[in-house]
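First the structure, in the form of C-alpha cells, and then the observations on it.
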Amino acid sequence: MDAVFRALADASRRRLLDSLNARNGQTLRELCAGLDMTRQSVSKHLAVLEAAELVTSVRRGREKLHHLNAAPITAIADRWISRYDRQRAEALADLRTALEASPVESPTFVYTTYIDTTPERLWAALTEPAFTRRYWGGVALQSDWQVGSPVLWQDAPGEELRDLGQRVLVAEPHRRLSYSWHGFQPEHAEHFGWSAAELAARLGERRSRVTFEIEPHGAAVRLTVIHDDFSPGSEMHRAISGQLDGSGGWPELLAGLKTLLETGQPLPEPTRAG
957 MDAVFRALAD
967 ASRRRLLDSL
977 NARNGQTLRE
987 LCAGLDMTRQ
997 SVSKHLAVLE
1007 AAELVTSVRR
1017 GREKLHHLNA
1027 APITAIADRW
1037 ISRYDRQRAE
1047 ALADLRTALE
1057 ASPVESPTFV
1067 YTTYIDTTPE
1077 RLWAALTEPA
1087 FTRRYWGGVA
1097 LQSDWQVGSP
1107 VLWQDAPGEE
1117 LRDLGQRVLV
1127 AEPHRRLSYS
1137 WHGFQPEHAE
1147 HFGWSAAELA
1157 ARLGERRSRV
1167 TFEIEPHGAA
1177 VRLTVIHDDF
1187 SPGSEMHRAI
1197 SGQLDGSGGW
1207 PELLAGLKTL
1217 LETGQPLPEP
1227 TRAG
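Structure below.
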C-alpha cells in the first residue's frame, strides 16, 4: 500500500486518474491532449501509477489503452472500512455521483490482480464447473469453451442447466477467454427490490462482454478482467462493479478466486449487516 499512497500523493498523477475516471481506456496520446503535460511527463507518471497497480494497460491492436484498476483501492477499503460502514459510504458516493454526473459513454470495468498460481490452474478455475462452484456463490459454469458455444449456469448440484444467452467469443487456453454476459433475471428484481417497471427498464440494456487476460508474471500470474460494451448509464455495470446494495460484483468474486487458488479454501461468506 505504500506504493499506492506515494502514487496518489502527486497532484499530476491524481489528474491522470481523474482523466481516466472521466473516460476510461485512453491512449497515451489522448491523455496528453487532455492534460497540460508533456508526453514524457505523462509516461513517467503512468509508469508510477502502473507500478502501484492503480492503472493497468491493455493492448488493442496497435494501441495501448490505459484503464483504472480498482484492486488497490478495494484493498484499502477492505483494510479500514467495515462492510456495514462501506455500504453507507457507497450510498453517499452514489448520491454525489447522481447529482454531479453528466451523460457518459459506455462504461468499462477493468480489474487486475496477481495470483500465486500457474496459467494452467487459473484457466481451469475459470472454466471447470467444480472450480467455479467453489468461488462463484455455488454456481457451476458449464461449456465446451468453443467459440459460439453457450455458457450454461447450474445454480446448485442436481438442478437443471440454465441458458442465459451467454456465448463464448474467444477461447485461447491459458491466455485469453471472453464471453457475452447475461442480462438481469427476475430473481434480481426480488433481490434488489425493483418494481416490474424498473426490471423492464433494466432488461432493455444491451448485452455486455467479459474478457479474462492471463499473463505469466514471474512465479505468479497476472489476471486482467475487462468487462465492457455496456449501455450508457448501465445498471449492470454498477452490479458487476459491486456498487449495488448486496452485490460484491467482480471485486468480491475475484478475491474468492485468488483465495481459492492460493490457499485451497474458498473465501469465507461475508457477514451481512442486520
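Using our numbering, the final residue of the sequence shown is 1230, and nothing's skipped along the way. Glycine residues also receive a C-beta, built at the ideal position from the N, C-alpha and C atoms.
Would you check if the distance between the CB atom of residue 1163 and the CB atom of residue 1190 is smaller than 8 Å? Looking up residue 1163 in the sequence shown gives position 207. Looking up residue 1190 in the sequence shown gives position 234. No.
Tell me whether residue 1051 sits in a helix, a strand or coil according to DSSP, three-state version. Position 95 of the sequence shown, counted from the first residue, corresponds to residue 1051. Residue placement at residue 1051 is poorly supported in this model, since its pLDDT is 44, which falls under 50; the coordinates still yield a value, given next. Looking at residue 1051 - three-state DSSP - the assignment turns out to be helix.
For the alpha helix (DSSP H) containing residue 1206, name the first residue and the last one. One-based indexing of the sequence shown puts residue 1206 at position 250. Taken as a continuous stretch (DSSP letters only), the alpha helix (DSSP H) holding residue 1206 covers 1205 to 1219.
With a 10 Å radius around its C-beta and 16 neighbouring C-beta atoms as the bar for buried, classify residue 1122 as buried or exposed. Mapped onto the sequence shown, residue 1122 falls at position 166. By the 10 Å Cβ count, residue 1122 comes out buried.
Need the endpoints of the alpha helix (DSSP H) that residue 974 sits in, please. Counting from one through the sequence shown, the residue named residue 974 turns up at place 18. Note, residue 974: alpha helix (DSSP H), 967 to 978.
Tell me the DSSP secondary structure of residue 1040 in three-state form. As a first step, residue 1040 must be located in the sequence shown, where it is residue number 84. In this prediction, residue 1040 has a pLDDT of 49, which is less than 50 and means its spatial position is unreliable; what the coordinates show is noted afterwards. Looking at residue 1040 - three-state DSSP - the assignment turns out to be helix.
From what residue to what residue does the alpha helix (DSSP H) around residue 1004 run? In the sequence shown, residue 1004 corresponds to position 48, counting from 1. Note, residue 1004: alpha helix (DSSP H), 995 to 1007.
For a quick check, are the C-beta atoms of residue 971 and residue 991 less than 8 Å apart? Looking up residue 971 in the sequence shown gives position 15. Looking up residue 991 in the sequence shown gives position 35. Yes.
Just to confirm, is the Cβ distance from residue 1212 to residue 1223 under 8 Å? As a working mapping, residue 1212 is identified with position 256 in the sequence shown. As a working mapping, residue 1223 is identified with position 267 in the sequence shown. For residue 1212 and residue 1223, yes; Cβs fall inside 8 Å.
Which residue or residues does DSSP assign as beta-bridge partners of residue 1100? Position 144 of the sequence shown holds residue 1100. According to DSSP, residue 1100 bridges with nothing at all.
Go to residue 1169, then tell me how far its alpha helix (DSSP H) extends in each direction, as first and last residue. Within the sequence shown, the letter at position 213 stands for residue 1169. Element bounds for residue 1169: not the alpha helix (DSSP H) but the beta strand (DSSP E), 1165 to 1173.
Nearest-angstrom beta carbon gap, residue 982 and residue 1024 [assumed within contact, 8 Å]: Walking along the sequence shown from the start, residue 1024 turns up at place 68. Walking along the sequence shown from the start, residue 982 turns up at place 26. At roughly 10 Å, the Cβ-Cβ gap does not stay under 8 Å, so residue 1024 and residue 982 are not in contact.
Same chain, Cβ closer than 6 Å to residue 1072, five either side skipped, listed in chain order: The residue you call residue 1072 lines up with position 116 of the sequence shown. 1176, 1218.
Nearest to residue 1005 (by Cα), restricted to the options 986, 985, 1028: As a position in the sequence shown, residue 1005 is number 49, starting the count at 1. Considering only alpha carbons, the answer is 1028.
Under DSSP, the alpha helix (DSSP H) around residue 1087 begins and ends at which residues? As a working mapping, residue 1087 is identified with position 131 in the sequence shown. Counting along the chain, the alpha helix (DSSP H) containing residue 1087 begins and ends at 1085 to 1091.
With DSSP collapsed to three states, give me the class of residue 1059. Along the sequence shown, one-based indexing puts residue 1059 at 103. Caution applies to residue 1059, whose pLDDT of 46 falls short of 50 and renders its modelled position unreliable; the value that the coordinates give is listed next. Correct three-state label for residue 1059: coil.
State the Cα-Cα distance for the pair residue 1250 and residue 1198, rounded to the nearest angstrom. Outside the modelled stretch of the chain, which goes from 957 to 1230, sits residue 1250, for which no answer is possible.
Applying the criterion that 16 or more other CB atoms from any shown protein chain within 10 Å of the CB defines a buried residue, is residue 1129 buried or exposed? Your numbering for residue 1129 matches position 173 in the sequence shown. Per the 10 Å Cβ criterion, exposed.
So which of 960, 1216, 965 has the shortest CA-CA distance to residue 1092? Against the sequence shown, residue 1092 aligns to sequence position 136. When only C-alpha atoms are compared, the closest one is 1216.
From which residue to which residue does the beta strand (DSSP E) around residue 1111 run? Counting from one through the sequence shown, the residue named residue 1111 turns up at place 155. Note, residue 1111: premise wrong, no beta strand (DSSP E); not H, not E.
Helix, strand or coil for residue 1228, going by three-state DSSP, please let me know. Translated into positions along the sequence shown, residue 1228 becomes position 272. Legend: pLDDT at residue 1228 = 45, less than 50; position of this residue unreliable, value from coordinates given subsequently. Residue state, collapsed to three classes: coil.
Proximity to residue 1100 [Cα-Cα], best of 1088, 1167, 1124, 1067: The sequence position of residue 1100 within the sequence shown is 144, counting from 1. Minimum Cα distance to residue 1100 is reached at 1124.
Out of 1008, 1089, 1172, 1036, point me to the one whose CA is closest to residue 957's CA. The residue labelled residue 957 in the question sits at position 1 within the sequence shown. When only C-alpha atoms are compared, the closest one is 1008.
Just mark residue 1206 as buried or exposed, buried being the case when its beta carbon has 16 or more other beta carbons within 10 Å. Start at 1 with the first residue of the sequence shown, and residue 1206 comes out as number 250. Classification for residue 1206: buried.
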